[in-house]
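Novice: Residue numbers (this note's numbering): 542 to 671.
Just so you know, even glycine gets a beta-carbon here, dropped at the ideal spot from N, CA and C.
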Ligand code: HEC
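1. I'd like to confirm something about residue 649: is its beta-carbon nearer than 7 Å to some heavy atom of the ligand HEC, or not?
2. In this structure, how does DSSP classify residue 619 when only helix, strand and coil are distinguished?
3. Residues in its own chain within less than 6 Å of residue 578 by CB, not counting five upstream and five downstream?
4. Name the residue from 580, 574 and 576 whose alpha carbon lies nearest to the alpha carbon of residue 662.
5. Measure from the alpha carbon of residue 653 to the alpha carbon of each residue in 607, 622 and 642, then state which is nearest.
6. Rounded to a whole number of angstroms, what is the C-alpha to C-alpha distance between residue 605 and residue 597?
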């Protein structure tokens, strides 16, 4: 019986010691990771599902690097483009036509299913500095 109690006490002490060592390490890891806001996190997942096959945030891929896009385009332009870029090109919008020609006439999919909230979320993640 005494042996059992002794063993149990030893185990408890050992476990506590493990946590005592682990706790500060976890804090350091959490501080080093970038903590995304809920909006950025949503944007990241929409981007991965719908845009990552052609876009990279910081590098040109099939389509342009999207980091900085809110600086070179109006928000209204961006919404219209994402909802249906082909229509915008057909309408003769100068920026849309130039982009289309620059990217060797690749076609971007239309995303009419995305809400403005979704697009805002994508942009909040895309515009995070490297
Ligand atoms: C099938 C490939 C493809 C997918 C998927 C795609 N894009 Fe594009 N995107 C392009 C190409 C190519 C261009 C350049 C213009 C062109 O040729 O149509 C472009 C251009 C853009 C531009 C204009 C960039 C600028 O510099 O003005 C924005 C903004 C954009 N895409 C956002 C998105 C978002 C957001 C998604 C996901 C919801 C997405 N794209 C998905 C291919 C794609």
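Specialist: Result, derived from the coordinates:
1. yes
2. Three-state DSSP puts residue 619 in a helix.
3. If we look at residue 578 and ignore the five residues flanking it on each side, it has no Cβ neighbours.
4. 580
5. A check of alpha carbon separations from residue 653 across 607, 622 and 642 identifies 622 as the nearest.
6. 8 Å
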